[in-house]
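Take the position in the sequence shown, starting the count at 1, then add 9; the result is the number in our numbering.
Ideal placement from N, C-alpha and C gives every residue a C-beta, glycine not left out.
Here's the structure, in C-alpha cells; my notes come after.
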Amino acid sequence: MEVVIQPTAEAATMVAVRLLAGLIRQKPDAVLGLATGATPLRLYWELAALKLDWRRIKTFNLDEYVGVGPEHPQSYHSFMWKNLFNRVNIAKPNVHIPDGLAKDIPGFCKKYEKQIRTAGGIDLQLLGIGTDGHIGFNEPSSSLASRTRINMLTRQTRRDNARFFGSEERVPHHAITMGIGTILESRHCVLLAFGKRKARAVAEAIEGPVTAMHPASALQLHPKVTVFLDEPAAAELKLKHYYRRVYDYKPDWQKERPMRLLHSSILVVL
Ligand code: PGA
C-alpha cells in the first residue's frame, strides 16, 4: 500500500488528479470506479477542467441510496452529473450508477456485476472512507467477499450524511453498494481521506488488523492501493514518517507530482 501524505486536502487532491488524468490519457477506454461524498468533489472539478477526452471512458459508481430517484438532489446520480459528467464529454451509455428505484434489487445487483465484468473490470476504483471504516456502503460486519447488494446504513453513517439531507431522519436507511469483493477486483484502488475526523478510521484501515469490523482494512489484501491523505487525516498513523520518506525518496519516474490548481476559488466542505 502506498500512503501519500500532503500538507493539505487541496495538495493531496492534485496528486490524485495527476494520477487519474494520466490513466485517461494513456488508456482512453479506461473503466473508472467512482465515489461520491465531499471528499472527491474537488478532484472531479479539477479533472473536468483539464478537458480530457472522456468519449470512450466507462464509469461505475460505488453506490446509491435505495428509494432515491435519479432526479433527487441528494441522489448520487445528481451528484455525479452535476459535479463531473455534465462537465466532460462522456457518453451517457458509458455511465453506470446503481438504480435506487430498482424493483428487483437482487436482479439489478447481479446485472451490475455482469456489466462490470463485460466492460473488462475496473482499472481504477476511487474510494472515500466513512468514519466507521466503510468503503462504498459496506458497513462494519460486511463480508470481505461481499458483492454488489443492498446494505443497511449504520447510525453513524446516517448521522455523518445528515449534513447533505438537512436532518438524520431524512437520510435513507438502505443503499445498493458494490461489495468489498467487487472493490478488491479493481486493478488499482485509490482511497482519499481528508480532515481530522477521518484520522482514526484511516489508521485502522492501514495499520490495524484486517477485519470485517473495519471494511477499509480489506484494502491491505489488495496488491495495488494508493492512499492520498492530508496531514490531519494522517495524524494517527504510527508509520507516518516512514510513508513520507518512501514518497520523498521515490525516483522521479515513479512519482505523481501535484497538478497546478485550476479551480482556486472552490470551497470544499469536509
Ligand atoms: P465523505 O464520505 O467524503 O462525505 O466524507 C466518505 C464516505 O462516506 O465514504
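Helix, strand or coil for residue i? Go by DSSP, reduced to three states.
i: HIS81; result: coil
i: HIS178; result: In the sequence as presented, His is not what sits at residue 178; that position holds Glu. Three-state result, GLU178: helix.
i: ALA21; result: helix
i: HIS231; result: coil
i: ASP169; result: helix
i: ASN261; result: In the sequence on display, residue 261 carries Asp and not Asn. Helix at ASP261.
i: ILE159; result: strand
i: LYS67; result: strand
i: LEU29; result: helix
i: ASN98; result: coil
i: THR140; result: coil
i: HIS183; result: strand
i: LEU56; result: helix
i: ALA202; result: strand
i: VAL104; result: strand
i: GLY190; result: helix
i: LYS249; result: helix
i: GLY116; result: helix
i: MET280; result: Since the first and last residues shown for the chain are 10 and 279, residue 280 lies out of range.
i: ALA208; result: helix
i: THR127; result: helix
i: SER87; result: helix
For residue i, which residues of its own chain have a beta-carbon under 7 angstroms away from its beta-carbon, when the five flanking residues on both sides are left out?
i: GLY46; result: GLY137
i: ALA57; result: LEU93, ARG96, VAL97
i: SER84; result: GLU73, TYR74, VAL77, GLY78, GLY109
i: LYS259; result: none
i: GLY145; result: LEU71, ASP72, THR186, MET187, ILE192
i: TRP262; result: none
Would you grab the beta carbon distance between residue i and residue j for me? Rounded to a whole angstrom, and I think it's under 8 angstroms.
i: GLU245; j: ALA208; result: 4 angstroms
i: LEU201; j: THR48; result: 5 angstroms
i: GLU11; j: VAL219; result: About 18 angstroms; that fails the 8 angstroms criterion.
i: VAL40; j: GLY130; result: 7 angstroms
i: ILE114; j: ILE159; result: 5 angstroms
i: ILE33; j: GLU240; result: Not confirmed; about 28 angstroms, so no contact.
i: THR157; j: CYS118; result: 4 angstroms
CB of residue i to nearest heavy atom of the ligand PGA: below 7 angstroms?
i: ALA171; result: no
i: THR186; result: no
i: GLY42; result: no
i: HIS143; result: yes
i: ILE138; result: yes
i: THR68; result: no
i: THR48; result: yes
Taking 8 angstroms as the limit between beta carbons, can you name the residues of its chain near residue i, skipping five residues before and five after?
i: GLN124; result: PHE69, HIS105
i: ALA154; result: GLY188, ILE189, GLY190
i: SER152; result: GLY188, ILE189, GLY190, ALA221
i: GLY142; result: PRO149, ALA210, GLU213, ALA214, MET222, HIS223, PRO224, ALA225, SER226
i: ALA171; result: GLU177, ARG179, VAL180
Going by DSSP, name the residue or residues bridged to residue i.
i: GLN15; result: ASP239
i: LEU43; result: ASN70
i: GLN134; result: GLY42, CYS198
i: HIS223; result: THR220
i: ASN147; result: ILE144
Give me, in chain order, the residues of the same chain whose beta-carbon lies closer than 6 angstroms to that of residue i; leave out the 5 immediate sequence neighbours on both sides.
i: VAL277; result: With a pLDDT of only 41 at VAL277, under the threshold of 50, the placement of this residue in the model should not be trusted; the figure read from the coordinates follows. Excluding sequence neighbours, VAL277 sits near LEU50, ARG51.
i: THR22; result: ARG51, LEU52
i: GLU80; result: none
i: HIS86; result: PRO79, ILE106
i: GLY139; result: THR166
i: ARG65; result: PRO37, ASP38
i: TRP63; result: VAL97, ASN98, ILE99
Please decide whether residue i counts as near chain C, where near means a Cβ-Cβ distance under 8 angstroms.
i: LYS207; result: Although the question refers to chain C, the structure presented lacks it and comprises just one protein chain.
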